[in-house]
Amino acid sequence: MFNEFINAYKARYFKVFTNDFKGELARLVNDLSDPSLHISEQIKESLNLLIDTLNEPPLIAVIGQFSSGKSTFLNALLGQDILPSGLTPVTAKAVRLKFAKMPLLSVKFINGSESLLASSDLAELNKLGEQVSSMTLYAPSEILKEINFIDTPGLNSLRDADTKETKNTLKKVSGAIWLSLANNAAKASELESIKEILKANDLKAICLINQKDKLSEEELESLLKHAGQTYGELFEDIIAISSKQALLGITNNDKGLLEASNFNEALKAIKECFLDKSFKENFIKARAKKIVKLLTNEQEKHLEIYDNAQLILDEFSGSLDERLEAIKEEFKPKIALRYSQMSEVIKLAADEVFKLLKPFSKTKFNASKTLLNKEIYKRENFEVISLDSDEVFSKLIYEDVVFNKFFKRYKKDLKELENAITSAFNELYKNLEDKFLIYKSRYENYASFDDQVLAYETKSINTYAGRTYENFLREYETAKFKAIQKVSLFFEKLDIKLASNYENALKLAVYFIKQKIEKTLESHLQMNTPLYIPSAKDVYERMLDAFSLYEFEALMCSNSSFLNKILLDIKSDFNEIYTLKIAMLDGLKTRVKEQISKIEELCENSLLLR
41 MFNEFINAYK ARYFKVFTND FKGELARLVN DLSDPSLHIS EQIKESLNLL
91 IDTLNEPPLI AVIGQFSSGK STFLNALLGQ DILPSGLTPV TAKAVRLKFA
141 KMPLLSVKFI NGSESLLASS DLAELNKLGE QVSSMTLYAP SEILKEINFI
191 DTPGLNSLRD ADTKETKNTL KKVSGAIWLS LANNAAKASE LESIKEILKA
241 NDLKAICLIN QKDKLSEEEL ESLLKHAGQT YGELFEDIIA ISSKQALLGI
291 TNNDKGLLEA SNFNEALKAI KECFLDKSFK ENFIKARAKK IVKLLTNEQE
341 KHLEIYDNAQ LILDEFSGSL DERLEAIKEE FKPKIALRYS QMSEVIKLAA
391 DEVFKLLKPF SKTKFNASKT LLNKEIYKRE NFEVISLDSD EVFSKLIYED
441 VVFNKFFKRY KKDLKELENA ITSAFNELYK NLEDKFLIYK SRYENYASFD
491 DQVLAYETKS INTYAGRTYE NFLREYETAK FKAIQKVSLF FEKLDIKLAS
541 NYENALKLAV YFIKQKIEKT LESHLQMNTP LYIPSAKDVY ERMLDAFSLY
591 EFEALMCSNS SFLNKILLDI KSDFNEIYTL KIAMLDGLKT RVKEQISKIE
641 ELCENSLLLR
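Read in order, the letters of the sequence shown are residues 41 to 650 in the working numbering.
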């Protein structure tokens, strides 16, 4: 039992491959199926198809425009009239032809069910339309033992689904037979279809020009010459046939008609082209290289996607100093102007207060002694200053027009300045946001340039791009909001202490001056101390202090102004975010580069890919 476990473990994790072509293919498929590469189910199917191609008869597609005689040609190959012909296509399903001793039709439906029918029921299946998933026709034709064929819908039918079905089918075949009508062969429209189909799938192909019986010998010779010149490089061989003559010759045992159809020459060319010993191996090598190239290209595309995100971040970070300096230079004089305006209006108010200082005479009696030591009192007149606070308030507050008008305008100007600074920070962020929104729209619905490549990786790119805000923008926006909040708090403080505090600050300054005058007068009368006689400068400085203008001078006009501090903070925040985002992208790119390295190493070690 233990040996069984060991053998099972080795079979799963220590696979042994033979040293022949089959073993090399199995090794390649196994290596490419490594879970770390996250290949799609479509790629897995394509890899398994390579193994099927090696183990089974080659699958050759019969393609051409609608009504080019594909069904008649295949009926001739089958030796009996099985495939319906001359019908307007109503279903877009290819029919696969394989060998069996008895004619049989296998039909798979979209709902998962499967039916075995008589081959004669094929024409009736057209009525089922899109309910059909796939059809395989089995027939006792000798050539089907060596080659399997697949009848594709016409490329120029009225249904886009027919063309799509044909193109999807060509991804699964090893080669192709292009069937063209004699009256349409080598025309420009057909040439474009041939180039698109054959080059896109790297298919080895031959061309059969049908209905040769409708041309004279001279016309046929001219047509073959023209066809060879037009698209001879696209085909291994170009042969003129008559499918109708061939089918009649075979079914009626008419050797002369069969020989006239040139069908045996076509059959010979088909076998030489597709049964050559190297055909399968060359096809498998080419298709394997294509799959690996698709995988590598897709990974490199993902690197490009991540690099594009880094370019946006690099450009934003690289221009950040310049943008912040531009904000500073734009608003520094505007902020200084608002400070200057406030300073000037406070000076005007201080001048008005100073004008309302009124001198008046006051008398006091000073005690003294005579020579006989007798105490006497001498009268002394002196001048003092008075300040009528009611008069000041009446003139500068209650009956004032000039100052009230100034502060209303000043508050409006402050709000406009705040909004302008806020807009500058919003614009700074918006520059980054716009670029990432374009980036998001470009990659959110990203689809691989080949629909069979990396389903997991493509989905991860879609998810990654869909989360552009969370991956890149959210932290930047948060830092922006933090800066704007600081701006708002400063202007709120400015409004509270300056713009909306005029009355309180004025009263505070006036009461201070008045009380100081009165206290020094009282002290002078009692102890003959000096009187307080406020100068214009004293009044102005007291007003500046009451309005906290010294504090705002540093916040608005110095190198450590509120704006400079906010700019330094947002720069620090943005630089930190940039470092984190670059680290995230580096991690994503490292993972992709590891996968590319793994694929490159696989290529170096695979004989099939050399």
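Where is the CB? At the ideal position from N, CA and C, for every residue including glycine.
For residue i, which residues does DSSP report across the bridge?
i	result
Arg582	For Arg582, which the question treats as bridged, DSSP gives no partner whatsoever.
Thr58	Bridge partners of Thr58: none, in fact.
Asn406	Lys418
Val424	Phe400
Arg136	Thr176, Ile190
Cys247	Trp218, Ile278
Ser108	None, per the DSSP bridge assignment.
Leu472	Answer is none; Leu472 lacks a bridge partner.
Ser155	Val147
DSSP on residue i, reduced to helix/strand/coil?
i	result
Leu360	helix
Val441	coil
Thr462	helix
Ile150	coil
Asn485	coil
Thr206	helix
Ser563	helix
Ser76	helix
Arg650	coil
Leu65	helix
Lys387	helix
Asn348	helix
Lys141	coil
Ile553	helix
Ile367	helix
Val213	coil
Asn115	helix
Tyr379	helix
Phe479	Note that residue 479 corresponds to Tyr in the displayed sequence, not to Phe. Residue state, collapsed to three classes: helix.
Val130	Interpretation of Val130 is limited by its pLDDT of 41, a score under 50 that renders its predicted location unreliable; the figure taken from the coordinates is listed afterwards. Coil, per DSSP.
Leu123	coil
Asn70	helix
Leu198	Low confidence applies here, because Leu198 scores a pLDDT of 47, under 50, leaving its location unreliable and the question unanswered by this model.
Pro574	coil
Asp242	coil
Leu255	coil
Ser233	helix
May I ask whether a heavy atom of the ligand FAD can be found less than 6 angstroms away from the beta carbon of residue i?
i	result
Pro574	Looking for the ligand FAD in the displayed structure turns up nothing, as the structure carries no ligands at all.
What are the boundary residues of the alpha helix (DSSP H) that residue i is part of?
i	result
Gly627	602 to 645
Val102	Premise fails: Val102 lies in the beta strand (DSSP E), 99 to 104, not in any alpha helix (DSSP H).
Glu591	589 to 597
Leu90	81 to 95
Asp161	Asp161 -> no alpha helix (DSSP H), and no H or E assigned at all.
Val432	429 to 433
Ala226	Segment: none, Ala226 is in no alpha helix (DSSP H) and carries neither H nor E.
Counting pairs of Cβ atoms below 8 angstroms between the segment 326 to 341 and the segment 630 to 638, do you hit three or more? The segment 326 to 341 vs the segment 630 to 638: in contact.
My parser needs the beta strand (DSSP E) runs of 3 or more residues fully inside the segment 263 to 345; what are they? Here the runs fully enclosed are 278 to 280.
Whole alpha helix (DSSP H) runs in the segment 501 to 549 with 4 or more residues, listed along the chain? Uninterrupted alpha helix (DSSP H) stretches at least 4 residues long and entirely within the segment 501 to 549 occur at 514 to 534, given in chain order.
Counting beta carbon pairs with one atom in the segment 74 to 85 and one in the segment 251 to 264, are three or more of them shorter than 8 angstroms? No: fewer than three Cβ pairs fall under 8 angstroms.
Is it true that the segment 367 to 386 meets the segment 520 to 528, where meeting means three or more beta-carbon pairs spaced less than 8 angstroms apart? Verdict: no, contact absent.
State whether the segment 534 to 552 contacts the segment 351 to 364, with contact taken as three or more CB pairs (one from each stretch) at a distance under 8 angstroms. Touching, no, given that fewer than three Cβ pairs across the two stretches are closer than 8 angstroms.
Three CB pairs or more closer than 8 angstroms across the segment 201 to 221 and the segment 98 to 110: Yes, the segment 201 to 221 is in contact with the segment 98 to 110.
Do the segment 226 to 245 and the segment 262 to 280 meet, that is, are 3 or more Cβ pairs less than 8 angstroms apart? With the cut-off at 8 angstroms, the segment 226 to 245 and the segment 262 to 280 touch.
Check whether the segment 574 to 592 and the segment 391 to 400 touch, using three or more Cβ-Cβ pairs below 8 angstroms as the test. Output reads yes: the segment 391 to 400 touches the segment 574 to 592.
Would the segment 612 to 622 and the segment 346 to 355 be scored as touching if the rule is three or more Cβ pairs under 8 angstroms? In short, these stretches touch, since the Cβ pair count reaches three.
Inspect the CB distances between the segment 415 to 430 and the segment 540 to 559 and report whether three or more fall short of 8 angstroms. Yes: at least three Cβ pairs fall under 8 angstroms.
Pairing CB atoms from the segment 107 to 122 with CB atoms from the segment 180 to 193, are three or more of them under 8 angstroms? Judged by pairs of C-beta atoms under 8 angstroms, the segment 107 to 122 touches the segment 180 to 193, as three or more such pairs exist.
The segment 374 to 385 touching the segment 445 to 457, judged by at least three CB pairs closer than 8 angstroms: Contact holds between the segment 374 to 385 and the segment 445 to 457, because three or more Cβ pairs, one in each stretch, are under 8 angstroms apart.
Assess contact between the segment 232 to 249 and the segment 311 to 326, defined as three or more Cβ pairs (one per stretch) separated by less than 8 angstroms. Is contact present? Short answer: they touch.
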